[in-house]
Structures are given as structure tokens and as C-alpha cells.
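Colleague: Sending over a structure as C-alpha cells; questions will come in a sec.
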Ligand SMILES: *[C@@H]1O[C@H](CO)[C@@H](O)[C@H](O)[C@H]1NC(C)=O
Ligand SMILES: *[C@@H]1O[C@H](CO)[C@@H](O)[C@H](O)[C@H]1NC(C)=O
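Numbering (mature numbering (1 follows the signal peptide of the UniProt record, and there is no 0)), first residue to last: -19 to -1, 1 to 310.
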């Protein structure tokens, strides 16, 4: 009798695993490292995230919220550090979703610098445990998701992050970008370590401390694909959506991700193997077993970077019709 009631009390005291309570213990960024293999600026190059020296997934194993009670602060991982222009992305269709250099016509892809910007003016990356579900039209945009984690740009003034760095940021708003008939949210955020982070809650607050940032970053997104031949980008609403709205976008995309992991959505070509949620049993694998199971390189082996083609080093000036070729000398 006594033993039974103690067991019942013990069970009652265990934390309830709710729909959003995915991580059971706090995620320690300090235990993270990177396994990098190959030469930068090549298509073979990869970076895997490691926890305690063992490979885990950038996308599926970093909790979205450092503190599930505070939806204004999220984790993200850097793909494109500020002042670089290699189009670095998350590999959806390889186990543990390493970071790789995206391709265009079988060559590593870079972004042309449209004056006055040179390369990316912010740290750019992906938000873990979110998914822009291609099976659902987003109610705000009317377009389905682009099948990726939600993108983020971190406008903090701290030294640039490095590829694969996991950071905590405060969400300030979001741009509803439409790319190729798909919804591609760009969340604007600031590193919690930035000197003004505690003073800004919105894009309007940014105007007080960092005047110009809001418009410059907006314009960057509008024009960055013009030289590539894609024309200007479309941002629905032609302005930033507010922080509350952005938090809601993240919460919805987290639910889509949960459905993906539970096998309730068509995964397409997404590889979902992960090391942190034993409840998603068909994809769970202890991190100590991942190197062998997925035949990953056992340690970093970094080769000298390949050269970046010269055409990406110059500036491109747009005339009022967004032509650039005519004004070349
Ligand atoms: C944020 O945006 C939503 C949708 O546009 C709006 O309904 C809401 O009132 C806004 N909140 C604030 C605090 O401005
Ligand atoms: C990876 O996940 C798939 C399901 O998406 C599963 O069938 C497979 O067994 C997993 N691989 C490992 C090594 O756990």
C-alpha cells in the first residue's frame, strides 16, 4: 500500500511532457563544438554540430526556446556570418542536417554585392525546431512554406558570428518574403549580448538606438537577387510585422515541425534523424552512435579554402530601373 502510493506520488511529481515541452533539461551551448570537413567554397564541404563531441542535428536537436516560458528569446545557428557572401545552408536531405555550401549550376553559390552593401550586412541563419510546412498555405501570405527551417537575420553590433555558432537572440519582428511562390519568413532579431538588447523590444525601438538599420536591412532583402537576374524580391505588407506576430509565426512553425517529427506530415526529402527526443522513436538515435550509423567522418579535417570567383568581389550599382549592366565602364 505505502509503496504503491509513493510510486503514484512520484509519478505525479514528474514533469508532464506537453506538446511544446520538447527539451527536458536546459540546453547548454557551452557543450557544443563543430566537426568541419573539406575545403570552404566547395560543394563537398560540411559542418556537423557536436554535443559533448558527438554529432547531433542543427535543425532537430537545438531547442527553439532556451526557456520555454519566454517566447521572446530563441536560439538560432549561423549559416552566413556578417561580412561574408557564401550562400551557406542547412542540408535537409542528409542525416543530422549538416551545414553546406549551396550550389547554382553545379558551382558554389555566392551573393552579388549591391551597392551600398558589401556582402551580408548581418549574421544570417536558421531557427531550429521550426519548419515552413509546404503542405500548408500560411494564413497571412496565402502561400505554402518553403520547406526549410525559418530564416533569421541578427542585426547585433557584436563581432560577426562564425558558421555553426549557436546564439540566443531577442525576436523583434519579421518580413513576409515570398520566394518562388512560397512563404519564406525572415525574422529580425538581436543577440541578447548586444549592449542595446535589453532596451529594444521592436523594430520601432531600433530606430532610437540604431537609426537606419530598419530601412537598410529591408532594402537589402528587396535587391539582393537583382544582379543574379531574379528581379526585386516581394515582401508582403511592405513592412516589418511586429514582434508579437513574429513570435506567433515561430510558434506555428514549431507546431509544424512537431507534426513533421511525429510523422503526421509528409516529410518530402527531409531527413529527420535526431538525438534528443526519444519520444519520436522512429528517428531517435543516441548521439554516441551517430558517427558510425551515418558513416560520418570521425573528426574534423579542414582543407585550405577554394578561391571565390572575382565577380563577387566588386560592387553592382542599380539605376532607377534596377539595371546594372549598362553602367559598367
Ligand atoms: C501586431 O500585429 C498584429 C497583426 O498585424 C496586430 O493585430 C497587433 O495589434 C500588433 N500588436 C502591436 C503591439 O502592435
Ligand atoms: C533515421 O530515421 C528514419 C526515419 O526517418 C529511420 O527509418 C532510420 O532507421 C533512422 N536511422 C537511424 C540510424 O536511426
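Don't be surprised by glycine CBs; every beta carbon is placed ideally from N, CA and C.
Note that the structure is a prediction, hence the values are computed from the model and not measured.
In this structure, what does DSSP give as the bridge partners for residue 55?
Modeller: According to DSSP, residue 55 bridges with 150.
Colleague: For the putative contact between residue 169 and residue 215, defined by C-beta atoms under 8 Å, what is the C-beta separation to the nearest angstrom?
Modeller: The distance from the Cβ of residue 169 to that of residue 215 is about 17 Å, inconsistent with a contact at the 8 Å cut-off.
Colleague: Apart from the five residues on each side of it in sequence, which residues of its chain come closer than 7 Å, Cβ to Cβ, to residue 204?
Modeller: 95, 213, 299
Colleague: What is the chain-ordered set of residues for which the beta carbon lies under 6 Å from any non-hydrogen atom of ligand 1?
Modeller: 223, 225, 226
Colleague: Which residue marks the beginning of the alpha helix (DSSP H) containing residue 98, and which one marks its end?
Modeller: That residue, residue 98, is in no alpha helix (DSSP H); it is neither H nor E in DSSP.
Colleague: Starting from residue 230, follow its DSSP beta bridges and name the residues at the other end.
Modeller: Answer is none; residue 230 lacks a bridge partner.
Colleague: Any idea what DSSP makes of residue 298, helix, strand or coil?
Modeller: In the three-state scheme derived from DSSP, where H, G and I count as helix and E and B as strand, residue 298 is classed as coil.
Colleague: If you measure from each CB to the nearest heavy atom of ligand 2 and keep those under 6 Å, what residues do you get, in chain order?
Modeller: 253, 254, 263, 264, 266, 274
Colleague: Beta-carbon separation of residue 220 and residue 199 under 9 Å?
Modeller: yes
Colleague: If I measure Cβ to Cβ from residue 155 and keep anything under 8 Å in the same chain, skipping five residues before and after, which residues do I get?
Modeller: 166, 167, 168, 169, 221, 222, 226, 227, 230
Colleague: Taking one C-beta from the stretch 171 to 184 and one from the stretch 111 to 126 each time, how about it: are there three or more such pairs within less than 8 Å?
Modeller: no
Colleague: Which runs of the alpha helix (DSSP H) fall wholly inside the stretch 246 to 299 and span at least 4 residues, in chain order?
Modeller: 271 to 274
Colleague: Look at residue 271 and residue 256 and say whether their C-beta atoms are less than 9 Å apart.
Modeller: yes
Colleague: Taking the continuous beta strand (DSSP E) assigned at residue 81, which residues delimit it?
Modeller: 80 to 82
Colleague: Measure the alpha-carbon distance for residue 25 versus residue 186 and round it to whole angstroms.
Modeller: Distance between the alpha carbons of residue 25 and residue 186: 42 Å.
Colleague: Could you round the C-beta distance between residue 275 and residue 77 to whole angstroms and report it? I think they count as a contact, below 8 Å.
Modeller: 6 Å
Colleague: Check residue 103 in the structure and name its three-state DSSP category.
Modeller: Coil.
Colleague: Could you tell me which residues DSSP pairs with residue 135 in its beta bridges?
Modeller: DSSP lists 104, 170 as partners of residue 135.
Colleague: Do the stretch 286 to 304 and the stretch 83 to 102 meet, that is, are 3 or more Cβ pairs less than 8 Å apart?
Modeller: yes
Colleague: The alpha helix (DSSP H) with residue 194 in it runs from where to where?
Modeller: 194 to 204
Colleague: Can you tell me which of the three DSSP states residue 32 falls into?
Modeller: strand
Colleague: Three or more beta-carbon pairs under 8 Å between the stretch 51 to 59 and the stretch 280 to 292, yes or no?
Modeller: Judged by pairs of C-beta atoms under 8 Å, the stretch 51 to 59 does not touch the stretch 280 to 292, as fewer than three such pairs exist.
Colleague: If we call anything under 9 Å between Cβ atoms a contact, is residue 67 one with residue 27?
Modeller: no
Colleague: Closer than 6 Å by C-beta to residue 17: which residues in its own chain qualify, once you throw out the five before and the five after it? Chain order, please.
Modeller: 28, 281, 283
Colleague: Ligand 4 and residue 41: does the residue's C-beta get closer than 8 Å to at least one heavy atom of that ligand?
Modeller: This structure lacks ligand 4; its bound ligands are ligand 1 and ligand 2.
Colleague: Which residues in the same chain as residue 37 place their Cβ atom closer than 6 Å to its Cβ, once the five residues preceding and following it in sequence are excluded?
Modeller: 30, 256, 268
Colleague: Residues in the same chain with beta-carbon distance under 6 Å from residue 126, minus the five sequence neighbours each way, listed in chain order, please.
Modeller: 113, 114, 115, 164
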